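For the sequence shown, the working numbering puts the final residue at 507, and the numbers step up evenly by one.
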Amino acid sequence: MGDRNDIGVIGLGVMGANLARNLASRGFRVAGYNRNPERVQDLGREHPEAGLDLTSSLEAFTRGLARPRKVILLVSAGPAVGAMLAQLDPLLEAGDIVVDAGNSLYSDTDRRLREPRAWAFLGMGVSGGEEGALRGPAIMPGGDRAAYETLKPFLEAIAARSASGPCVAYCGSGSAGHFVKMVHNGIEYGDMQLIAETALLLRQGLGLTAAQAAEVFEDWNRGDLESYLVEITARILRTPDPQDRDGAPLVDAILDRAAQKGTGQWTVMAAADLGVPIPTLAAAVEARSLSADRPRRLEAARLFPGSNLAGFGDLGPEDLRDALYASKIASYTQGFDLLRRASDVHHFGTSLAEVARIWTAGCIIRARFLDDVVRAFSRNGPAQDGGPELLVFAPFFAQALALRVPAWRKVVAAAALAGLPIPGLAASLAWFDTLRTSPGSASLIQAQRDYFGAHTYERLDHPGQAVHTSWPGTSLDDTGGPGRPVPM
């Protein structure tokens, strides 16, 4: 290795190897490091056309990088990242840049940013899976702005492209890049759950075969619901089981136990910390957790059998389409609300319009829908300075939702009567109704809290002023009179 490589990639698993090949295909000289010599040899033998400068020596890897050194790290999130940074530290110098491009928890990135070091460290989300890494992912960098500008030509060259340009943009300071990627994955959980529930209703509620349901999804993919996930759902439903002579659907042979790697749970935890309601995304995470407990589900099916599909007699695929689209609006509204709140609290400076724009291609949740999200948040300038308080308040989405509410209610009601599980669709509708109902149920909750714990409440005629009442029947009932103001 000589001092000749433009950029280096550490970690040559599927994602790292494909990202290195992507960089090489754009004309960059690329170094690659993996601690396993066999992996280094295999990659060089399998893809000689890439011209990668590969090694299992970290010292040789860093020596071969042109200054300032630019290193993309793609190793397992967690302790492996910290261990690699510790190994790199004595080999780097001021001006060098290391980018953690894995699915690291944003708070881990915050901690690493606080560690003293001479070189720059960035957190960067990458979405698109192994194909995206090779052909063009959506890229979400955050952290030191000057370091990002140094890396920008490389990232723009390898990113997916949509009508608005390369799907990469500076997401903000600190751990903004990993936070944005985490929320992307949370929305992805929601999208997948909503689509899976809709497929369940098409097949078990409306009685469609897998092939017929595939036709429905193919039709939807030519309209407002056009997206990568809807597209692959149609393909999945059409795929026959290679082990079944009669060509039964492969999806019916797959154990209904969903796995998860943690980013959805992180999204729910972050939302709870920031006080942002994301019930659709939370329902998706909980549904996966419940699916994992198959023995209990089988016992429950034995104890509580039966369903009533009579409510589906008046429903058609178009009703399910509208319910899916309405729930999707709710889900994205929740996700972008979380991004806005995090940007305000953590001072990220994230542009919601730019986030939506870089998600229009390359990433798993890419969809026609996102073009409308971009327009909604671009209407009044950068998102941190303007745009709707909630995505659902944007005129386009408010109108789109209002048109679909009747079908949405019919679908959720029919599923509930039939006993078919739709936690995502139902949570989305409950979120919408809670948002639009005033007065709601919280007034009684506040009264209960004040009754048993003297936690106070606010009156409609004096908002902002804490009030406590000596409620009848309590041990402190000395007056029975009206509530009295107390210091906030």
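Beta carbons are placed, not taken as given, at the ideal position from N, Cα and C, and that holds for glycine. On a predicted model such as this, the values are computed, not experimentally measured, just so you know.
- The segment 274–287 and the segment 250–262 do not touch, with fewer than three beta-carbon pairs separated by less than 8 Å.
- In the three-state DSSP reduction, G224 falls in the helix class (H, G or I).
- According to the DSSP assignment, A232 belongs to no beta strand (DSSP E) but to the alpha helix (DSSP H) extending over A229 to W239.
- Three or more pairs of CB atoms, one per stretch, sit closer than 8 Å, so the segment 379–397 contacts the segment 199–214.
- In the DSSP annotation of this structure, the continuous segment of the beta strand (DSSP E) that includes K89 starts and ends at K89 to L92.
- Here C186 is actually not in contact with G161; their C-beta atoms are around 15 Å apart, not less than 8 Å.
- Taking 9 Å as the cut-off, the Cβ atoms of G51 and G32 do not count as close.
- Judged by DSSP in its simplified three-state form, L479 adopts coil rather than helix or strand.
- Of the candidates G224, E408, L107 and G144, the residue whose Cα lies closest to the Cα of A329 is G224.
- As a beta-bridge residue in DSSP terms, V117 pairs with V90 and F140.
- In the structure shown, P109 adopts helical secondary structure according to DSSP, grouped into three states.
- I26: member of the beta strand (DSSP E) spanning I26 to I29, first to last residue.
- Using a 10 angstroms sphere on the CB of D271, the tally of other CB atoms stays under 16, which defines it as exposed.
- Using a 10 angstroms sphere on the CB of I464, the tally of other CB atoms stays under 16, which defines it as exposed.
- Under the Cβ criterion (8 Å, minimum of three pairs), the segment 420–435 does not count as touching the segment 302–319.
- Annotation for G148: no beta strand (DSSP E) segment contains it, though the alpha helix (DSSP H) segment containing it runs G148 to R154.
- Boundaries of the alpha helix (DSSP H) around V424: P414 to A437.
- Here G443 has Q212, L213, E216, T299, A302 and A303 as same chain residues with Cβ atoms under 6 Å from its own Cβ, once five neighbours each way along the sequence are excluded.
- In its chain, beyond the 5 residues on either side, C190, V199 and L358 have a beta carbon closer than 7 Å to the beta carbon of V374.
- Annotation for N24: R48, A50, D72, G83 and L84 place their beta carbon closer than 6 Å to its own, counting only its chain and skipping 5 residues before and after.
- Counting the other CB atoms within 10 Å of its CB gives Q60 a total below 16, which places it among the exposed residues.
- Per the coordinates, the alpha-carbon of L410 lies some 37 Å from the alpha-carbon of Y470.
- Distance between V287 and T128, taken at the CA atoms: about 18 Å.
- DSSP places I158 within a strand segment (E or B) once states are collapsed to three.
- About 6 Å separates the beta carbons of S350 and S447, which is inside the 8 Å limit, making them a contact pair.
- In the structure shown, V411 falls within a helical segment according to DSSP collapsed to helix, strand and coil.
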